[in-house]
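Chains A and B, in that order, give the protein sequences.
Using this note's numbering, the first residue of the first sequence is number 10, and each one after it goes up by one.
Using this note's numbering, the first residue of the second sequence is number 22, and each one after it goes up by one.
Every residue, glycine too, gets a C-beta built ideally from N, C-alpha and C.
Input: a single structure, listed below in structure tokens.
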Amino acid sequence: MAHEELLAGLRQAVLDCDEPRAARLAREALDTGMPALRAIDGGLVPGIQEAGRLWDEGEFFLPELVGAAGAMKAAMAVLQPALAGGGSRELGRIVIGTVQGDIHDIGKSLVATLLAANGFAVSDEGADVPVERFVTRARELDADLVCASALLTTTMVQQRTLVEALRAAGLRARVMVGGAPVTPAWAAQIGAAGFADNAVAAVAVARGLVRS
Amino acid sequence: MSVLRPRVSVLTREQIEAVVADAVRTLETVGFFVENGPALELLGAAGVRLDGQRAHPSEGQLRHALATAPPRIVVYDRDGTPALDLGGDAVHFDPGSAALHVLDPVTRRRRSPTTRDLAHLAWVTEGCRHIAGGSTALVPSDVPEALGDRWRVLLALLHGRKPMATGTFQKDGFAVMHRLLAAVRGGDEALRHKPLAIFDCCPTPPLKWSDLTCQALLDCARTGVPAELVSMPLGGITSPVTVREMIVLHCAESLSGVLIHQLAGPGSPIIWGGSPASVDMRHGTTPMGAVETMLVDVGNAQVGKHLGVPTHAYMGMSDAKGLDFQCGLESGVGALLGALAGVNLIAGPGMLDFETTQSLEKLVLDNEVCGMALRAVQGVSETSAGEAVDLLRQVVEVGSFLAHPHTRAHFRQELLIPGRTIDRGSYGDWEAAGGPDAWASAHAEVQRILARGNPAPLDESLQAELLAIMTAECARLGLPGLPADPLP
């Protein structure tokens with residue numbers, strides 16, 4: 010298969026949420042001598058960006074968004090080892106989790122999936138994550154960003170504690186918050202650097218934060 | 022896949038049969054009054070007992086008429102694609118007609134509709150995916166009354182693809198309206214084969230057929246254009262106040278219509294429709310949003326189904342004066358009950374204030390009402406036994422079905438995905454959008470649709486043909502030319 014055809018195929022596999030096809034085409038790309046970086050930049054990234062655009066247009070819904078991210082992830086698993094310098098192409102390192110006392114996982118996992126699909130190295134700590142765990146992992150990974158989700162007004166306060174704890178620990182990681190009750194005003198009030206109310210917005214905010 | 026269709030009924034089978042028996046006895050003994058000469062001649066020739074202008078058909082004559090009326094009518098859009106399948110329990114919506122006013126979204130007050138409003142109504146109807154039929158739902162004030170009925174058909178044809186419910190205002194209207202429709206369809210026989218419009222024919226309660234409406238019935242029967250009976254008993258004024266007796270009167274008037282119609286054109290398509298209303302005993306108004314009105318409508322539909330003819334009702338409308346709680350309540354309950362009753366064609370969307378006022382903003386909101394009602398009657402799709410067990414086994418560790426192929430494969434069929442006027446976003450999103458209310462979000466949606474212009478421009482040569490027919494008609498009526506620009 011010609012390179013252009015492979016790239017178009019990878020892009021379409023992402024849009025079709027087809028994990029096996031994405032992985033197979035990624036292997037074919039490497040077999041034909043295509044650099045992994047080209048497969049990512051020319052195939053997978055345009056695919057996931059198109060998925061984001063379709064989401065913005067109201068054409069794509071959550072299942073398709075995670076499906077596209079899943080297909081991207083499957084192809085990345087094939088391409089990653091072939092990248093020069095190992096996994097050095099990441100946009101930034103992120104620790105993500107739902108705060109302690111809160112077991113809501115779906116929104117947070119969606120954000121984690123999309124961040125990973127968009128080129129961040131993401132460490133998903135799951136739900137009910139104590140502040141100390143966020144701090145420890147941020148230190149271990151030298152994280153650029155810590156993302157904390159809260160679905161309850163009663164657990165939102167944990168986001169404030171997290172911002173303070175990271176600052177007290179002297180870490181450089183910045184904090185992005187989200188979750189149903191969370192507002193931009195709350196984010197500003199607790200000194201969080203970023204806020205997003207959906208997964209697509211979270212990717213854009215994260216990009217902005219690691220650049221600045 | 023088999024599904025249990027959710028259903029509502031207000032009469033048992035025995036009660037339906039008793040209602041029909043009462044209606045038949047009413048016609049045999051009380052009879053119905055006919056103002057139209059040719060119709061009286063038809064009835065007399067068929068052996069119906071006449072007492073002056075009052076006809077007293079026998080049960081056998083009525084049963085015979087019912088036997089020749091088709092149980093199913095397919096109405097096609099302007100392109101010839103099937104759009105309304107009227108029969109069985111199929112449900113379709115079309116805008117309520119025919120309003121004397123249009124609700125102005127800026128002043129939020131009613132005003133007289135113009136030709137431009139008629140065009141915009143067609144454009145917005147095209148943009149409402151849950152509203153399958155169109156309607157000439159406004160009476161334009163900028164054209165002479167003598168031209169109104171045919172002008173509306175011209176406008177509907179120039180600005181929309183969906184088939185239309187319409188009606189005559191004058192006895193001489195039918196011929197021109199039929200000519201316009203036949204021109205688009207490619208001839209009289211093509212139009213008979215693939216109907217493009219439904220004509221409302223309204224008896225006058227109690228038990229009278231005026232010259233005009235009776236003529237419409239005859240014209241429809243002879244040309245094969247579907248006729249829609251719109252019997253409208255007003256409980257406590259032109260009808261007994263009780264729901265059951267309203268259904269009896271509706272049945273009697275409708276049976277008399279079927280009889281005249283089938284005598285004029287055996288086998289011609291006819292719809293068991295209606296616009297009954299209970300009466301508000303303080304204001305003397307006839308609320309379409311009253312729950313008793315809806316009970317009568319459901320009962321009428323049950324009777325029509327029992328007799329084997331397609332059904333129609335004016336439901337899903339409100340008597341509110343604007344887009345408020347009452348508006349949503351009455352429209353929602355009516356549309357849902359109509360759909361659950363399996364009314365084949367439900368006319369109502371957009372209509373306010375006792376069927377006097379159309380609102381484009383309400384139309385786009387009602388589109389969501391219709392979507393919800395149509396989804397409700399789809400019911401619960403039956404999948405294979407044990408599927409839930411398998412799916413839960415696969416996903417229980419992951420904890421979420423969001424990424425599972427099963428979700429991707431089914432969510433678009435299972436979930437009614439609402440349009441922009443239904444707010445399911447976060448408080449923050451709503452606040453950021455300026456905190457829109459129903460008026461604001463509906464108006465924005467209407468503006469979005471209108472900004473795209475005519476969504477269904479007619480082929481240029483056909484357009485010229487229609488304009489030539491209308492120009493000739495204006496000359497016949499002694500008008501100096503077209504009274505308004507039909508392509509505003």
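- Contact between B:L487 and B:L212 does not hold, since the beta-carbon distance rounds to 14 Å and is not under 8 Å.
- With a contact defined as Cβ atoms closer than 8 Å, B:K342 and B:D374 qualify at about 6 Å.
- Only residues of its own chain outside the window of five on either side were considered, and among them V251, M253 and Y335 have a CB closer than 6 Å to the CB of B:S296, listed in chain order.
- The C-beta distance from B:L61 to B:L83 rounds to 17 Å, too long to meet the 8 Å contact threshold.
- With a threshold of 16 other beta carbon atoms within 10 Å, B:V51 falls short and is exposed.
- For the 8 Å CB-CB criterion, B:A88 and B:A273 do not form a contact.
- With contacts defined by Cβ atoms closer than 8 Å, A:V140 and A:A174 form a contacting pair.
- For B:F346, not one C-beta of chain A is nearer than 8 Å to its own C-beta.
- Residues of the stretch 401 to 435 of chain B with a Cβ closer than 7 Å to any Cβ of chain A, in chain order: G420, S421, L423, A424, T428, R429 and F432.
- In the structure shown, B:P134 falls within a coil segment according to DSSP collapsed to helix, strand and coil.
- A:G106: member of the beta strand (DSSP E) spanning R102 to T107, first to last residue.
- One alpha carbon belongs to B:G455, the other to A:A205, and they sit about 19 Å apart.
- Within its own chain, the residues whose Cβ lies closer than 7 Å to the Cβ of B:L175, once the five positions on either side in sequence are excluded, are L201, L487, M491 and P507, listed in chain order.
- Non-local beta-carbon contacts of B:L284 in its own chain, meaning distances under 6 Å to residues more than five positions away in sequence, involve L63 and A67 in chain order.
- Taking a Cβ-Cβ cut-off of 8 Å, A:I103 has no neighbours in chain B, whose nearest Cβ is about 19 Å from it.
- In this structure B:L139 is in contact with B:P161, their Cβ atoms being roughly 6 Å apart against a cut-off of 8 Å.
- Take the alpha-carbon of B:T314 and the one of B:V197: they are about 35 Å apart.
- Listed by position along chain A, the residues whose Cβ is nearer than 8 Å to that of B:G449 are T192, P193 and D206.
- Taking a Cβ-Cβ threshold of 9 Å, the residues of chain B close to A:D114 are G420 and S421, in chain order.
- Burial is judged here by how many other beta carbons sit within 10 angstroms of a residue's own beta carbon; A:M10 has fewer than 16 and is exposed.
- The continuous beta strand (DSSP E) containing B:F220 extends over residues A218 to C222.
- Check the Cα spacing between B:S275 and each of B:R28, B:V41, B:R26 and B:E35: the tightest is with B:V41.
- Fully enclosed alpha helix (DSSP H) runs of no fewer than 4 residues occupy 28 to 40 and 45 to 48 of the stretch 19 to 55 of chain A, in order along the chain.
- B:A461 is the residue among B:A461, B:D480 and B:G474 whose C-alpha sits nearest the C-alpha of B:R129.
- For A:P72, the uninterrupted alpha helix (DSSP H) segment begins and ends at L71 to L88.
- Close to chain B, meaning a Cβ-Cβ distance shorter than 8 Å, are the following residues of the stretch 18 to 40 of chain A: C26.
- The beta-carbon of A:S158 is placed no less than 8 Å from the nearest beta-carbon of chain B.
- At least 8 Å separates the beta-carbon of B:S447 from that of A:A177.
- Its Cα nearest to that of B:P27, the residue B:R396 stands out among B:R396, B:I281 and B:V324.
- Rounded to the nearest angstrom, the gap between the Cα atoms of A:V166 and A:A126 is 29 Å.
- The DSSP assignment places 115 to 126, 140 to 150 and 166 to 177 as complete runs of the alpha helix (DSSP H) inside the stretch 107 to 184 of chain A, in order along the chain (cut-off: 4 residues).
- Residue pairing by DSSP leaves B:P161 without any beta bridge partner.
- For B:K229, the pairing in a beta bridge is given by DSSP as B:F54 and B:T225.
- Below the 9 Å Cβ cutoff, chain B contributes no neighbours of A:P90, its closest Cβ being approximately 23 Å away.
- When C-alpha distances from A:L180 are compared across A:T192, A:E68, A:A196 and A:F143, the shortest belongs to A:F143.
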